[in-house]
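Enquirer:
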Amino acid sequence: MLEVSGLSLESRVTNVNLRLSAGQMVGVIGANGAGKSTLLKLLAGLLTPSSGGSVWQQLDLHHINPSQRRQQLAYIAQQTLVNEAVTVAYALQVSQVNLAQTKSQLRHYRQQTSAEFGLTELLQRPVTDLSGGELKRVQLACGLIGQQPLILADEPIASLDLRHQLETLMLLKQRADNGALVLVALHDLALAARFCQQLVLLHQGQLLAVGEPAEVLSKSLLQQAYQVEVEWVCHQHGVAMLPRLLTD
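Right under this line is the structure:
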């Protein structure tokens, strides 16, 4: 269980309260500047809240030591700066430092994660030679290789093509199905509705709504959060969103 109580950071995030159970994928949505990245960084311990706190499985996320944090949560940043021409294999291996696993487990997870993200043929390539989409897949693999029970992913499908967007969300959903709590910031509301059991809708740093997609993605809430009118169209494979600008 993740319990967030009155979590605030100046004017960027204000008085957020959440109770989220493990074993589900939760989409964090909202317009640009709504506070999605800030919320995930607060939960990851990268930012210090001005008030409030977060507790994960009875551990205070803002006061646990780095080793505990490394074992409990994986944070996948929106962007990663690459300055060294290390190989993909080395990047994956470094991502396993300080994980409480045996050598055979570490090797197994490297092989498994490489296959999951289609990196097997790229293992000996320098990361500086990769395309933006390939680099994003390496970043995701490095973040998920530790099998942590709490996963915080900030726009993990940005810069990926359609196939790899779906594959990435399926992998994150699989982690949730296996017992992890996955919080993922998304801009694609149709994909959020398809893959997430719950959605957290932020607006100007405040929690506007939390609940099942059918509840959160209502016309009135989306109009308030995004300043657009939305029509949802249902089809046999899911739903599609048709947004249009508000008219006077």
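For the sequence shown, the numbering used here gives the first residue as 210, with consecutive numbering after it.
Note that beta-carbon positions come from the ideal geometry of N, C-alpha and C, so glycine has one too.
Below 8 Å on the Cβ atoms is my guess for glutamine 277 versus isoleucine 354; work out the distance and round it to an integer in Å.
Expert: As a working mapping, residue 277 is identified with position 68 in the sequence shown. As a working mapping, residue 354 is identified with position 145 in the sequence shown. With a Cβ gap of about 18 Å, glutamine 277 and isoleucine 354 do not count as contacting.
Enquirer: Do the CB positions of leucine 332 and valine 295 come within less than 9 Å of each other?
Expert: Against the sequence shown, residue 332 aligns to sequence position 123. Against the sequence shown, residue 295 aligns to sequence position 86. No, the Cβ-Cβ distance between leucine 332 and valine 295 is not below 9 Å.
Enquirer: Name the DSSP beta bridge partners of cysteine 443, please?
Expert: Your numbering for residue 443 matches position 234 in the sequence shown. Answer by DSSP bridge pairing, in chain order: Val448.
Enquirer: For threonine 296, which of helix, strand or coil comes out of DSSP?
Expert: Taking the first residue of the sequence shown as position 1, residue 296 is located at position 87. In this structure, threonine 296 counts as strand in the three-state DSSP scheme.
Enquirer: Please classify glutamate 424: is it buried, with 16 or more other beta-carbons within 10 angstroms of its beta-carbon, or exposed?
Expert: The sequence position of residue 424 within the sequence shown is 215, counting from 1. Under this definition glutamate 424 is an exposed residue.
Enquirer: Can you tell me whether DSSP reads valine 480 as helix, strand or coil?
Expert: Because the chain is modelled from 210 through 457, residue 480 falls outside the range shown and cannot be assessed.
Enquirer: What does alanine 350 pair with, by DSSP beta-bridge criteria?
Expert: Within the sequence shown, residue 350 is the residue found at index 141, counting from 1. Answer by DSSP bridge pairing: none, since alanine 350 is not bridged.
Enquirer: Straight-line CA distance for leucine 361 to arginine 384?
Expert: Counting from 1 along the sequence shown, the entry for residue 361 is found at position 152. Counting from 1 along the sequence shown, the entry for residue 384 is found at position 175. Leucine 361 and arginine 384: Cα-Cα distance of roughly 12 Å.
Enquirer: What does a CB cutoff of less than 7 Å around cysteine 405 pick up in its chain, not counting 5 residues either side in sequence?
Expert: For the purposes of this step, residue 405 is taken as residue 196 along the sequence shown, with counting starting at 1. Once the five neighbours on either side are set aside, the close Cβ partners of cysteine 405 are Met234, Val235, Gly236, Pro422.
Enquirer: Can glycine 262 and serine 220 be called in contact, C-beta distance under 9 Å?
Expert: Reading the sequence shown from its first residue, position 53 is the one you call residue 262. Reading the sequence shown from its first residue, position 11 is the one you call residue 220. No, the Cβ-Cβ distance between glycine 262 and serine 220 is not below 9 Å.
Enquirer: So valine 437 and leucine 430 are in contact, right, with Cβ under 8 Å, and what is the actual spacing, rounded?
Expert: For the purposes of this step, residue 437 is identified with residue 228 of the sequence shown, where counting begins at 1. For the purposes of this step, residue 430 is identified with residue 221 of the sequence shown, where counting begins at 1. About 12 Å separates the two Cβ atoms, so there is no contact after all.
Enquirer: If you count every other CB in all the chains shown that lies within 10 Å of the CB of alanine 402, and 16 or more means buried, which is it?
Expert: Translated into positions along the sequence shown, residue 402 becomes position 193. Alanine 402 comes out buried.
Enquirer: Using the DSSP secondary-structure output, state which residues sit across from methionine 234 in a beta bridge.
Expert: Position 25 of the sequence shown, counted from the first residue, corresponds to residue 234. Beta-bridge pairing links methionine 234 to Val391.
Enquirer: Are the CB atoms of alanine 231 and alanine 389 within a distance shorter than 9 Å?
Expert: Mapped onto the sequence shown, residue 389 falls at position 180. Mapped onto the sequence shown, residue 231 falls at position 22. Yes, the Cβ-Cβ distance between alanine 389 and alanine 231 is below 9 Å.
Enquirer: Which stretch, first to last residue, makes up the beta strand (DSSP E) that contains leucine 361?
Expert: Here residue 361 refers to the residue found at position 152 when the sequence shown is read from its first residue. Its beta strand (DSSP E) spans residues 359-363.
Enquirer: Over the uninterrupted alpha helix (DSSP H) stretch that includes valine 425, give me the two end residues.
Expert: Looking up residue 425 in the sequence shown gives position 216. Run containing valine 425: 422-425, per the alpha helix (DSSP H) assignment.
Enquirer: Report, in whole angstroms, the separation of the C-beta atoms of valine 347 and leucine 339, which I expect to be a contact under 8 Å.
Expert: Here residue 347 refers to the residue found at position 138 of the sequence shown. Here residue 339 refers to the residue found at position 130 of the sequence shown. Going by Cβ atoms, the distance from valine 347 to leucine 339 rounds to 7 Å, so yes, they are a contact pair.
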